[in-house]
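Under numbering that gives the first Met the number 0, think of the first position of the sequence shown as 0, with each following residue one higher.
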Amino acid sequence: MGMALLALGAPVLGQESTSTPEATAMAGEQVVINVPGITPEGVEYDATGQRFLIGSLTDGKIRQVTDDGMVSTFVEDADNVSTTGLQVDAVRNRLLVASTDAVVFSDPSAKGKAALAAYDLSSGKRLFYVDLAAIASDGRNFANDVAIDADGNAYVTNSMTPVIYKVDTEGKASVFARDDRFAGTPIGLNGIDFDPDGYLLVSAQGKSKVYKIPVQDPSIITEVKLSEPFGADGMALAEDGTLYAVAMTGQGDSAKQEVLAVTSADGWASGTIAARLATDGNASTLAIRDGAPWYIEDYVSNPQATQYEIVHAMLEAG
0 MGMALLALGA
10 PVLGQESTST
20 PEATAMAGEQ
30 VVINVPGITP
40 EGVEYDATGQ
50 RFLIGSLTDG
60 KIRQVTDDGM
70 VSTFVEDADN
80 VSTTGLQVDA
90 VRNRLLVAST
100 DAVVFSDPSA
110 KGKAALAAYD
120 LSSGKRLFYV
130 DLAAIASDGR
140 NFANDVAIDA
150 DGNAYVTNSM
160 TPVIYKVDTE
170 GKASVFARDD
180 RFAGTPIGLN
190 GIDFDPDGYL
200 LVSAQGKSKV
210 YKIPVQDPSI
220 ITEVKLSEPF
230 GADGMALAED
240 GTLYAVAMTG
250 QGDSAKQEVL
260 AVTSADGWAS
270 GTIAARLATD
280 GNASTLAIRD
290 GAPWYIEDYV
300 SNPQATQYEI
310 VHAMLEAG
């Protein structure tokens, strides 16, 4: 969830029927989604189902998008006001969803939400829904992204309270890590993913930092020394160990949004930008499909948007 969210206003929702899929078009290296006003902040690729899954800041639905040009509702849950980060757990046939309320960015008096929902990946049936703000909150909340470790534990970032939550496979929640370094204005924590070597990589977007946290000892929080600073929105680790991120780079007039490929030769003590691609500034996060990054353009600053794109990022070295 990028800082452009501050411009999000009242949505214009398209008409939708769960029984009549909405038309899209597959155009070369992008999927075009013709569903007005949904602001799809999150995206994930389900390799088994051969579909993208997208969330919505405006209606909270989870939609499935297939390459043959169809969009349909996969999950419609009244508890989801806004949905952000998505994580497929193929081993346990689950979809994990960060559930929140985007009104917190436009209404200073709103407390927001921080919750995690889990659904059966085949049927969309709800498995559990847990209120994370009830576990820990500084008064305002925005659940942003979710990752899972090898045992199926989920980790959820809160952009307005400097906390990472842990939720086990049964839906039991606890505070995994809390640290003032996670705080930021207007965005603190954002993207998160799990490295198979046993630690989390998490973006403190507002401070243009990335932290490494072992899942076995969250008291050990170390800053990744980046070759250049960037404020990452969504992040995803590919199987080859490359960290892909939608991020803001540069400062002032030179600031721009890019998709970055970041590599590390020292177990993420440091990270080097190995490749990059400038976007048009409307991307939010990305998914890994067949080892390659696909980013979603959610046009968060334009609630009147009538279409969105999932784009294959063809990065260039440097």
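Backbone N, C-alpha and C fix where the C-beta goes; we use that ideal spot for every residue, glycine too.
Please read all numbers here as calculations on a predicted model, not as lab measurements.
{"Query": "Quick check on this structure: which residue in GLU308, LEU314, ARG288, VAL245 has the alpha carbon closest to the alpha carbon of ALA274?", "Result": "LEU314"}
{"Query": "If the criterion is Cβ atoms closer than 8 Å, does the pair VAL261 and GLY270 meet it?", "Result": "yes"}
{"Query": "Run through the DSSP bridge pairs and tell me what LYS211 is partnered with.", "Result": "LEU200, THR221"}
{"Query": "Using a Cβ-Cβ cutoff of less than 8 Å, which residues in the same chain neighbour PRO195 once the five nearest sequence positions on both sides are dropped?", "Result": "ALA149"}
{"Query": "Would a C-beta distance cut-off of 8 Å place VAL70 and GLU308 closer than the cut-off?", "Result": "no"}
{"Query": "According to DSSP, simplified to helix, strand and coil, what is ALA101?", "Result": "helix"}
{"Query": "Assign ALA142 to one of two classes, buried (16 or more other C-beta atoms within 10 Å of its C-beta) or exposed (fewer than that).", "Result": "buried"}
{"Query": "Please determine, among GLY251, SER253, ALA246, the residue with the shortest C-alpha to C-alpha distance to ASN281.", "Result": "ALA246"}
{"Query": "Can you tell which of THR184, GLY111, TYR198 has its C-alpha closest to the C-alpha of SER207?", "Result": "THR184"}
{"Query": "Nearest CA to the CA of GLU169: which residue from GLY151, GLY48, SER108?", "Result": "GLY151"}
{"Query": "Kindly give me the distance between the Cβ atoms of GLY187 and PRO228, rounded to whole angstroms, as I take these residues to be in contact under 8 Å.", "Result": "Actually they do not touch by this definition, with Cβ atoms about 16 Å apart."}
{"Query": "Grouping DSSP H, G and I as helix and E and B as strand, with all else coil, what is GLY251?", "Result": "helix"}
{"Query": "Just to confirm the assignment, what range does the beta strand (DSSP E) spanning TRP293 have?", "Result": "291-296"}
{"Query": "Report the rounded CA-to-CA distance for ILE147 versus ALA235, giving the unit in angstroms.", "Result": "12 Å"}
{"Query": "Looking only at C-alpha atoms, which of THR156, ASP179, LYS171, VAL174 sits nearest to LEU200?", "Result": "THR156"}
{"Query": "Using only CA atoms, which one of SER253, ALA244, ALA133, ASP88 lies nearest to VAL118?", "Result": "A small fix is needed here, since residue 118 is Tyr in this sequence, not Val. Checked all of SER253, ALA244, ALA133, ASP88; the closest Cα to TYR118 is ASP88."}
{"Query": "Please go through the same chain and pick out, in chain order, the residues whose beta-carbon is closer than 8 Å to the beta-carbon of ALA109, but skip the five residues on each side of it.", "Result": "ASP100, VAL102, VAL103, ARG139"}
{"Query": "Using beta-carbon positions only, say whether THR327 and GLY41 come within less than 8 Å of one another.", "Result": "Past the edges of the chain, shown from 0 to 317, lies residue 327, and the structure says nothing about it."}
{"Query": "Considering only residues of the same chain and omitting the five flanking positions on each side of ILE220, which have a CB-CB separation below 8 Å?", "Result": "ALA176, ASP178, ARG180, TYR210, LYS211, ILE212"}
{"Query": "Can the beta-carbon of ASN92 be found less than 8 Å from the beta-carbon of LEU120?", "Result": "yes"}
{"Query": "Judging by CA-CA distance, which residue of SER173, ASP137, ASP45 is the nearest neighbour of TYR154?", "Result": "SER173"}
{"Query": "Distance, Cα to Cα, VAL223 vs ALA231?", "Result": "13 Å"}
{"Query": "With burial defined as no fewer than 16 other Cβ atoms inside 10 Å of the residue's Cβ, what is the status of GLN63: buried or exposed?", "Result": "buried"}
{"Query": "Assign ARG62 to one of three DSSP states: helix, strand, or coil.", "Result": "strand"}
{"Query": "Using only the alpha-carbon positions, how far apart do SER218 and TYR198 sit?", "Result": "12 Å"}
{"Query": "Below 7 Å CB to CB, which residues in the same chain sit around SER158 once its five sequence neighbours on both sides are set aside?", "Result": "MET0, PHE141, ASN143, ILE186, GLY187, LEU188, ASN189"}
{"Query": "Please identify the residue among SER105, GLN250, ALA46, GLY84 whose C-alpha is closest to the C-alpha of SER300.", "Result": "SER105"}
{"Query": "Can you give the Cα-Cα distance for LEU85 and VAL96, rounded to whole angstroms?", "Result": "5 Å"}
{"Query": "Less than 8 Å between the CB atoms is what I'm expecting for ALA254 and ILE287, so what's the real figure, rounded?", "Result": "Incorrect: roughly 26 Å between the Cβ atoms, too far for contact."}
{"Query": "For ASP45, which beta-bridge partners are listed by DSSP?", "Result": "ARG50"}
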